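The structure under discussion appears below in the form of structure tokens.
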Amino acid sequence: MKRSSRVGLGLHFFFGAVWACVKKMWLLGVGLLAVFFVLGVAAGGNESLDNLINILSLAVSIVFGIHGNRLRERKRLFVDA
3 MKRSSRVGLG LHFFFGAVWA CVKKMWLLGV GLLAVFFVLG VAAGGNESLD
53 NLINILSLAV SIVFGIHGNR LRERKRLFVD A
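Residue 63 in the numbering used here is what sits at position 61 of the sequence shown, and the numbering runs on without skipping anything.
Rendered as structure tokens:
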């Protein structure tokens, strides 16, 4: 049985959105999940759109990895002010 590479990237992205929700950045976490869900449904069986969504998901994961804590600190500044 062939294993899809989409699962790995999707789970990697999924944990970034869950991390945002755990850190109480609800709008960002739920918004990202919603956007990628809609994009996935819209892509349907189109392989080229599916590949584009995978690349976009990877880019979002990298941005979360680089700027995630900075986003959390910025949120804390607005909440504590």
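The beta carbon of each residue, even a glycine, is placed where N, CA and C say it ideally should be. Bear in mind the structure is a predicted one, so any value in this text is a computation, not a measurement.
Buried/exposed call for residue i, threshold 16 Cβ in 10 Å
i      : result
Ser-63 : buried
Leu-30 : buried
Sequence-distant residues of the same chain with beta carbon closer than 7 Å to residue i, five excluded per side
i      : result
Gly-42 : Ile-55
Lys-26 : none
Through-space distance from residue j to residue i, alpha-carbon basis
i      : j      : result
Cys-23 : Glu-49 : 30 Å
Asn-53 : Leu-60 : 11 Å
Phe-38 : Phe-66 : 15 Å
Arg-8  : Arg-76 : Residue placement at Arg-8 is flagged as unreliable, the pLDDT there being 44, under the threshold of 50; a coordinate-derived value is accordingly withheld.
Trp-28 : Arg-72 : 16 Å
His-69 : Leu-51 : 26 Å
Beta-carbon gap between residue i and residue j smaller than 8 Å
i      : j      : result
Ala-34 : Ala-19 : Ala is not the amino acid found at residue 34; the sequence shown has Leu there. Closer than 8 Å, so yes.
Same chain, Cβ closer than 8 Å to residue i, neighbours up to 5 away in sequence not counted
i      : result
Leu-11 : Annotation note: pLDDT 41 at Leu-11 (below 50); position unreliable, no value reported.
Sequence-distant residues of its chain with Cβ nearer than 6 Å to residue i (five each side left out)
i      : result
Arg-74 : Lys-25
Handout entry: Segments assigned alpha helix (DSSP H), at least 4 residues, entirely inside the stretch 7-57
Key = Secondary structure within the stretch 7-57: the alpha helix (DSSP H) runs of 4 or more consecutive residues, fully enclosed, are 7-24, 28-45 (chain order).
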